[in-house]
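A.B. asks: Below you'll find the structure I mean.
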Amino acid sequence: MTSLDFSKKSLIFITGASRGIGRALAIEMSQSIHPQSALVLIASSASALEETKSLVLQVESTLNVVTYPIDLSEPSDDVYEKLFDEVIKKVDVSNLDYSIFIHNAGTIGCLKKTVDLNDVELWRKYYDLNLISAISLNSKFISKTKGLAKKLFIVNITSLCGRVPFVNMSMYGSCKAARELFFKVLAVEESNLTILNYSPGPVATDMFETIIETAEDDGLRKSFKETKKTDILTPQKTVKMLLDILKKGIFESGQTIDYFDLVKST
Ligand SMILES: NC(=O)c1ccc[n+]([C@@H]2O[C@H](COP(=O)([O-])OP(=O)(O)OC[C@H]3O[C@@H](n4cnc5c(N)ncnc54)[C@H](OP(=O)(O)O)[C@@H]3O)[C@@H](O)[C@H]2O)c1
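Counting from 1 along the sequence shown, just add 1132 to a position and that's the residue number in the working numbering.
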């Protein structure tokens, strides 16, 4: 059973909740989750997280919303362990039905030809933020919350660019591919976890603008500019699709679903 009943009490962690898809997720989820649920909003900008928190509380004032400003580019087992310990002390974790982690934080990295991406430090930093921090947070999430809730859900926000080779995107794409496979392996190993890899489609966020502004390749910039005029989604639209997939449970644990897979089939 992979469906998630949002009317049940949950403890929900969202990384990258300060803007873009992560902020939309926090706001959209707050419309349907159990009013005594807790939302833990994680990103590096404290002020932007506070803005997300106030938008969430405008939707449902009874929710317990905790902001946790942290730079995920320096993953640390100790720091992440402290994060969960502090959150669990702060919020009401009694009678939880679900504990949910949404791995959404991400950066686009350096958009250059692969042969010119030869700075080891740059690669290491990129992978620290976009892969290792998610792996480490995930491990703490499981060990710290499995005894608190009846069921654990994990959502990994992935990308088509991790499955199809796009020019200039070896850094972004290879890391998304690694992260997606990590969660697929976890899903086959741990049948008690429910894991979804969700690919949100092209979404109007800062990340999309960064591709248009910084990609070295003219063709890539042009095709993203074109998509911006034609197929781009709002963060709300793709998030509604994700929440619908979770509510209906129309996936096998570990599966990857792209926004357009379901648009095509409906
Ligand atoms: N937009 C698209 O078209 C698209 C398509 C496919 C997949 N995605 C994926 O969707 C996810 C969200 O992307 P988005 O488009 O919403 O991007 P965005 O608007 O650029 O937001 C990125 C989020 O990640 C957080 N983040 C970045 N660096 C961080 C750091 N060092 N420490 C902590 N948090 C950090 C940011 O928070 P702070 O700035 O406060 O740190 C922000 O909340 C990403 O995983 C992305 O790869 C996006």
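Beta carbons are placed, not taken as given, at the ideal position from N, Cα and C, and that holds for glycine.
Remember, predicted model here, so these are calculated numbers, not experimental data.
Would you check whether ligand 1 has a heavy atom nearer than 6 Å to the C-beta of S1306?
C.D. replies: Residue 1306 sits at position 174 when you count from the first residue of the sequence shown. Answer for S1306: no, Cβ out of range of ligand 1.
A.B. asks: Within 10 angstroms of the Cβ of A1178, are there 16 or more other Cβ atoms? Answer buried if so, exposed if not.
C.D. replies: Numbered from its first residue, the sequence shown carries residue 1178 at position 46. It counts as exposed.
A.B. asks: Is DSSP giving S1265 helix, strand or coil here?
C.D. replies: Within the sequence shown, residue 1265 is the residue found at index 133, counting from 1. S1265: helix per DSSP, three-state reduction.
A.B. asks: With DSSP collapsed to three states, give me the class of D1349.
C.D. replies: By 1-based counting over the sequence shown, the position of residue 1349 is 217. In the structure shown, D1349 sits in coil (DSSP, three-state: anything other than H, G, I, E or B).
A.B. asks: What are the boundary residues of the beta strand (DSSP E) that includes V1287?
C.D. replies: Counting from one through the sequence shown, the residue named residue 1287 turns up at place 155. Where V1287 is concerned, the enclosing beta strand (DSSP E) stretches over A1281 to I1289.
A.B. asks: Give me whichever residues DSSP pairs with P1201 in a beta bridge.
C.D. replies: Numbered from 1 along the sequence shown, position 69 holds the residue referred to as residue 1201. Looking at the DSSP assignment, P1201 forms a beta bridge with A1175.
A.B. asks: Using 6 Å as the cut-off, classify the Cβ of N1236 as near or not near the heavy atoms of ligand 1, replying yes or no.
C.D. replies: Position 104 of the sequence shown, counting from 1, holds the residue named residue 1236. Yes, the beta carbon of N1236 sits closer than 6 Å to at least one heavy atom of ligand 1.
A.B. asks: Under the three-state reduction of DSSP, which class applies to N1236: helix, strand or coil?
C.D. replies: Indexing the sequence shown from 1 puts residue 1236 at position 104. Coil.
A.B. asks: Enumerate in chain order the residues of its own chain whose CB-to-CB distance from Y1258 is below 6 Å, with the five nearest sequence positions on each side excluded.
C.D. replies: Position 126 of the sequence shown, counting from 1, holds the residue named residue 1258. Cβ neighbours of Y1258 beyond the five flanking positions: G1241 and M1303.
A.B. asks: Is it the case that the CB of I1144 approaches a heavy atom of ligand 1 more closely than 6 Å?
C.D. replies: Translated into positions along the sequence shown, residue 1144 becomes position 12. Incorrect: I1144 has no Cβ contact closer than 6 Å to ligand 1.
A.B. asks: From this set, F1315, S1355, A1347 and E1345, which residue's C-alpha is nearest P1334's C-alpha?
C.D. replies: Residue mapping note: residue 1334 aligns to position 202 of the sequence shown, counting from 1. The option with the nearest alpha carbon to P1334 is S1355.
A.B. asks: Spell out whether any CB of chain D is found under 7 Å from the CB atom of G1148.
C.D. replies: The displayed structure is made up of one protein chain only, and chain D is not part of it.
A.B. asks: Would you kindly report the start and end of the unbroken beta strand (DSSP E) that includes S1331?
C.D. replies: Residue 1331 sits at position 199 when you count from the first residue of the sequence shown. First-last of the beta strand (DSSP E) with S1331: L1325 to S1331.
A.B. asks: What three-state label does DSSP hand N1300 in the structure shown?
C.D. replies: Walking along the sequence shown from the start, residue 1300 turns up at place 168. The answer is coil: DSSP assigns N1300 none of H, G, I, E or B.
A.B. asks: Is R1151 near ligand 1 - that is, is its Cβ less than 6 Å away from at least one heavy atom of it?
C.D. replies: Translated into positions along the sequence shown, residue 1151 becomes position 19. Answer for R1151: yes, Cβ within range of ligand 1.
A.B. asks: Leaving aside the five residues before and after L1187 along the sequence, list all residues of the same chain whose C-beta is less than 6 Å from its C-beta, in chain order.
C.D. replies: Stepping through the sequence shown from its first residue, residue 1187 is reached at position 55. Once the five neighbours on either side are set aside, the close Cβ partners of L1187 are I1159.
A.B. asks: Rounded to whole angstroms, what is the Cα-Cα separation between L1378 and K1140?
C.D. replies: Looking up residue 1378 in the sequence shown gives position 246. Looking up residue 1140 in the sequence shown gives position 8. Straight-line Cα distance between these residues: approximately 13 Å.
A.B. asks: When you measure from the CB of F1340 to every non-hydrogen atom of ligand 1, does any distance come out below 6 Å?
C.D. replies: Here residue 1340 is taken as the residue at index 208 of the sequence shown, counted from 1. Within the cutoff, so yes.
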